[in-house]
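A.B. asks: Quick one: the structure is below, and I'll ask about it shortly.
Protein chains in written order, with the working numbering: chain G, 1 to 476; chain X, 477 to 952.
Structure (structure tokens):
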């Protein structure tokens with residue numbers, strides 16, 4: 001794979017997508033979908049055209065006289081999914097007399113600036129940037145304040161997870177006049193340039209497996225060599241295809257590379273969704289899924305085929321816990337929808353996140369970060385050149401101490417925490433670490449299986465939000 | 477005139493241009509001109525092209541070990557002119573061990589993104605925005621820090637006047653990781669939408685004339701009616717052309733409208749450059765030029781022709797103090813160069829500054845702010861539609877209290893002070909008012925004729941800058 005970081009972002013995405021289908025029945029039903037015509041290009045005047053941005057409103061607990069607005073800064077996917085997977089906002093709405101708004105990110109879901117031509121070429125994709133998305137949010141909030149009775153003077157808090165968390169933090173940094181503060185959950189705002197070592201992400205994934213079962217990470221580490229050896233013959237390719245119950249049998253070295261990338265993605269996905277309770281995804285996962293996975297990976301010294309049979313069992317926990325899948329599809333998560341394409345494009349322009357592995361500090365095949373190759377691949381795909389230093393230039397990199405009212409929450413188990421803010425920067429740029437948390441566990445709905453640390457995190461988050469709101473009310 | 481605010485911006489511009497020619501011999505010689513290849517479009521990836529941005533460097537007082545950088549955020553004109561007319565920076569360079577940088581604003585001077593095609597149509601003009609200019613500044617500073625020995629850890633202070641002052645303030649708001657603070661001199665950041673009454677600007681102009689001579693403003697107020705009456709006959713048109721020594725005789729009602737606009741512009745220009753000492757402009761002006769002008773305007777009750785002869789004498793102070801001009805050209809300041817065209821375009825897109833007069837609180841013919849007509853005129857000229865609420869949306873309007881380290885200095889005599897910040901907002905968003913000051917007097921070089929108030933203002937400004945620098949050093 002020439003594009004390692006895309007792979008990771010895929011993971012993030014494919015995971016999001018798998019959840020989407022399963023949970024979209026829940027909360028979005030309680031939220032009303034609306035659309036607003038915003039400018040396609042906020043930063044230029046030649047293209048004076050608008051597009052329909054979708055947003056969801058839930059005002060069951062909204063109080064006109066004394067209410068607040070919790071605004072989800074939508075990320076790379078259909079907004080109904082984020083609406084359904086951010087139970088935290090629903091859980092605190094009453095306490096904060098809050099109206100919930102979930103704003104869809106341009107170029108995702110139904111918010112396509114040029115309809116089905118939006119992804120047709122680099123000209124149509126030109127307005128898919130974080131800066132345009134933040135401007136969308138600012139203008140949308142202004143519109144809501146002007147049209148919803150009582151909203152004009154209501155304090156707005158930005159909330160987001162993952163890329164949405166980055167957007168929430170950046171939104172407060174760039175538009176502090178629009179939001180009184182931001183909760184940026186699992187937001188890897190430092191996963192750029194050399195702000196953090198490129199190996200951190202995969203090291204954390206590896207540590208999750210180390211902690212979840214004896215010799216678990218060693219088994220995975222050894223599996224790559226086993227795959228390489230077994231796949232070196234035609235007979236071995238056949239055997240592998242069968243052992244992994246693959247829908248399309250492996251036929252070439254390239255197919256084997258895809259298999260390995262798909263397995264890596266699986267381990268990464270598991271690290272992100274390593275939640276402490278049974279979670280109802282497309283394929284439901286057990287509580288602490290990595291522990292379940294690791295039960296199959298206790299013996300790294302087994303002969304190749306035996307080891308790989310165990311690796312299949314382990315991967316099967318993620319892909320086929322319910323037992324319903326008749327075969328596994330290694331290309332499944334990498335192609336299916338616009339949301340994924342959008343993130344690929346963003347990774348090839350602004351969101352350049354250097355990633356690397358060394359097989360020593362992590363359980364993956366060594367792979368250096370190669371910007372040149374990455375850039376060439378991006379140009380082939382999209383006819384654009386990534387600008388790796390832009391995000392730090394525009395959002396400040398590590399020099400963000402003059403901003404205020406941002407909570408950076410991170411799960412200790414979440415590989416993205418490596419690029420996140422995990423220490424307080426100032427009194428009002430605070431970090432909350434949830435040791436037992438995976439990817440933005442705190443944004444999920446309250447669950448009897450929640451560890452104490454996430455309950456404390458959520459309580460602290462609410463406390464901060466109340467302080468921002470109170471301070472705002474005091475001033476107005 | 478359908479475009480009142482453009483008129484004013486012209487004034488600002490024509491004044492700038494007139495100074496440019498006279499003073500460009502001074503300081504620019506001591507500054508080295510350089511160019512940097514920056515992105516034409518920071519906010520999109522389809523147009524992956526760079527342009528040469530000019531900047532001037534003066535490092536006579538720069539100290540590698542302990543220096544600071546004073547960065548002029550160039551506005552709508554040739555940067556050498558701003559370099560020459562910001563003597564304040566030269567005066568304080570030694571005290572702050574400072575390197576001076578004067579960055580040219582894109583689309584002005586020699587920094588034309590598409591060479592002589594830059595102004596050819598709305599497609600080529602698409603990248604002329606304040607946001608792109610701020611990003612230019614951020615990237616340029618990054619480049620300088622990476623290439624000038626000792627600069628990497630040097631604190632940078634943004635300084636600008638007028639539109640450049642707005643840019644300095646906005647630069648600190650949007651890129652606080654790049655500059656430790658900003659001196660925004662005579663920056664009318666609130667001259668947008670309904671943030672201030674549309675009549676404030678002309679009321680201040682009028683007050684300057686009221687204060688400078690008995691019946692002075694009444695004389696000007698009465699002059700409009702006199703012009704209307706006299707110009708109603710062909711003989712009167714001839715008389716007027718001769719009385720005003722016009723290069724092109726008046727032939728139509730339209731010409732008379734231009735004459736009146738040109739006179740209004742003259743009074744506005746005088747209000748902006750009403751400096752307390754003789755200043756060496758293209759046409760040199762005496763100290764307190766409005767007082768000199770008002771000596772001709774003591775009797776508003778004179779018969780029309782006598783009044784208008786006095787008005788000519790008064791205008792002649794501005795246009796022909798040296799006595800060298802053989803005739804006066806009413807179209808002189810409104811056409812000549814790209815700088816002016818650039819500001820027209822900016823006023824027709826982002827920089828929509830509502831202006832109005834009523835002939836009661838001011839000495840001008842009543843004219844309401846008519847956005848619709850303005851917008852139509854803009855579309856005719858540039859094929860663009862102005863977005864009057866965008867500046868407040870993106871830069872916060874009056875809600876800027878969460879920012880820090882900005883000094884807003886304003887001259888009490890400066891009509892632009894009406895749209896400026898003239899009261900402290902917080903401890904670190906401070907306002908300095910210079911009662912005897914016209915348009916950014918504080919940025920001009922020290923002069924024996926300086927009133928005490930501007931000396932105090934400059935001292936306070938340096939004190940703030942030193943605090944920002946010290947605090948930055950303390951942290952690093």
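Yeah, the Cβ is synthetic: ideal placement off N, Cα and C, and Gly gets one too.
Any idea which residues DSSP pairs residue 661 (chain X) with across the strands?
C.D. replies: Note: residue 661 (chain X) is bridge-paired with X:637, X:885 in the DSSP secondary-structure output.
A.B. asks: Can you give the Cα-Cα distance for residue 944 (chain X) and residue 543 (chain X), rounded to whole angstroms?
C.D. replies: 13 Å
A.B. asks: Cα-Cα, which of X:506, X:590, X:532 is closest to residue 525 (chain X)?
C.D. replies: X:590
A.B. asks: Could you work out which residues of chain X lie near residue 138 (chain G), taking near to mean beta carbons separated by less than 8 Å?
C.D. replies: 869, 870
A.B. asks: For residue 590 (chain X), report the span of its alpha helix (DSSP H) as first-last.
C.D. replies: Where residue 590 (chain X) is concerned, there is no enclosing alpha helix (DSSP H), given that its DSSP letter is neither H nor E.
A.B. asks: Exposed or buried, which one is residue 513 (chain X) when buried takes at least 16 other CB atoms within 10 Å?
C.D. replies: exposed
A.B. asks: Whose Cβ in chain G lies nearer than 8 Å to the Cβ of residue 602 (chain X)?
C.D. replies: Residues of chain G whose Cβ lies closer than 8 Å to the Cβ of residue 602 (chain X) are, in chain order, 44, 45, 46, 47.
A.B. asks: The alpha helix (DSSP H) that contains residue 753 (chain X), what's its start and end?
C.D. replies: Neither: residue 753 (chain X) is in no alpha helix (DSSP H) and is coded neither H nor E.
A.B. asks: Just confirm the distance between the C-beta atoms of residue 481 (chain G) and residue 317 (chain G), as a whole number of angstroms; I'd bet it's less than 8 Å.
C.D. replies: Shown here, chain G extends from 1 to 476; a query on residue 481 (chain G) therefore has no answer.
A.B. asks: For residue 804 (chain X) and residue 797 (chain X), I'd like the C-alpha separation in whole angstroms.
C.D. replies: In this structure, the straight-line span from the alpha carbon of residue 804 (chain X) to that of residue 797 (chain X) is close to 12 Å.
A.B. asks: Where residue 807 (chain X) and residue 817 (chain X) are concerned, what is the direct C-alpha to C-alpha distance, given to the nearest angstrom?
C.D. replies: 14 Å
A.B. asks: In chain order, what are the residue ranges of uninterrupted alpha helix (DSSP H) at least 4 long that sit wholly in the region 310-352 of chain G?
C.D. replies: 338-347
A.B. asks: List in chain order: all unbroken alpha helix (DSSP H) runs of 4+ residues lying wholly within the region 698-769 of chain X.
C.D. replies: 710-719, 729-748
A.B. asks: How would you list, in chain order, the residues of chain X whose beta-carbon sits under 9 Å from the beta-carbon of residue 129 (chain G)?
C.D. replies: 519, 520, 521
A.B. asks: Looking only at DSSP bridge pairs, what is residue 905 (chain X) linked to?
C.D. replies: For residue 905 (chain X), which the question treats as bridged, DSSP gives the partners X:882, X:902.
A.B. asks: Hey, which unbroken runs of the alpha helix (DSSP H) at 4 residues or more fall wholly within the region 92-154 of chain G?
C.D. replies: 130-147
A.B. asks: Who are the near neighbours of residue 969 (chain X) in its chain, counting only those whose CB is closer than 6 Å to its CB and skipping five residues on each side?
C.D. replies: In the structure as shown, chain X starts at 477 and stops at 952, and residue 969 (chain X) therefore has no counterpart that could be examined.
A.B. asks: Measuring only from the beta carbon, is residue 520 (chain X) closer than 7 Å to any heavy atom that is part of the ligand ATP?
C.D. replies: With respect to the ligand ATP, the structure offers nothing, as it holds no ligand at all.
A.B. asks: Measuring alpha carbon to alpha carbon, tell me which of G:245, G:460, G:436 ends up nearest residue 449 (chain G).
C.D. replies: G:436
A.B. asks: Under 8 Å between C-beta atoms, does residue 60 (chain G) make it to chain X?
C.D. replies: By the rule that beta-carbons nearer than 8 Å mark a contact, residue 60 (chain G) does not touch chain X.
A.B. asks: Alpha carbon to alpha carbon, what distance is there between residue 519 (chain X) and residue 131 (chain G)?
C.D. replies: 7 Å
A.B. asks: If residue 403 (chain G) and residue 173 (chain G) are in contact, beta carbons under 8 Å, what's the gap, nearest whole angstrom?
C.D. replies: 5 Å
A.B. asks: Would you mind reading off the limits of the beta strand (DSSP E) that contains residue 33 (chain G)?
C.D. replies: Unbroken beta strand (DSSP E) run through residue 33 (chain G): 32-39.
A.B. asks: Only counting the same chain, and skipping five residues up and downstream in sequence, which positions put a Cβ closer than 8 Å to that of residue 529 (chain X)?
C.D. replies: 511, 512, 513, 514, 579, 580, 582, 587, 612, 616
A.B. asks: State the start and end residues of the unbroken alpha helix (DSSP H) segment that holds residue 948 (chain X).
C.D. replies: 928-951
A.B. asks: Might you give, ordered along the chain, the residues of its own chain that have their beta carbon closer than 7 Å to the beta carbon of residue 199 (chain G), omitting 5 neighbours on each side?
C.D. replies: 356, 357, 358, 361, 362
A.B. asks: Would the region 219-226 of chain G count as touching the region 370-382 of chain G if we require 3 or more Cβ pairs under 8 Å?
C.D. replies: no
A.B. asks: Is residue 994 (chain X) helix, strand or coil by DSSP?
C.D. replies: Because chain X spans 477 through 952 in this model, residue 994 (chain X) falls outside it and cannot be assessed.
A.B. asks: Does the beta-carbon distance from residue 521 (chain X) to residue 126 (chain G) come in below 8 Å?
C.D. replies: At a Cβ-Cβ threshold of 8 Å, residue 521 (chain X) and residue 126 (chain G) count as neighbours.
A.B. asks: Hey, is residue 424 (chain G)'s beta-carbon within less than 8 Å of any beta-carbon in chain X?
C.D. replies: no
A.B. asks: For the region 212-220 of chain G against the region 185-192 of chain G, are there 3 or more C-beta pairs whose distance is under 8 Å?
C.D. replies: Not touching, per the Cβ criterion.
A.B. asks: With 7 Å as the limit, tell me which residues of the region 369-387 of chain G have their beta carbon closer than that to any beta carbon of chain X; keep them in chain order.
C.D. replies: 384, 385
A.B. asks: Residues of chain X with CB closer than 8 Å to the CB of residue 274 (chain G), please, in chain order.
C.D. replies: None at all; the shortest Cβ gap to chain X is about 34 Å.
A.B. asks: Using the Cα positions of residue 596 (chain X) and residue 820 (chain X), report the straight-line distance between them to the nearest angstrom.
C.D. replies: Going by C-alpha positions, residue 596 (chain X) is about 14 Å away from residue 820 (chain X).
A.B. asks: Grab the span of the alpha helix (DSSP H) containing residue 678 (chain X) for me, first residue to last.
C.D. replies: 676-688
A.B. asks: Residues bridged to residue 156 (chain G) by DSSP?
C.D. replies: G:69
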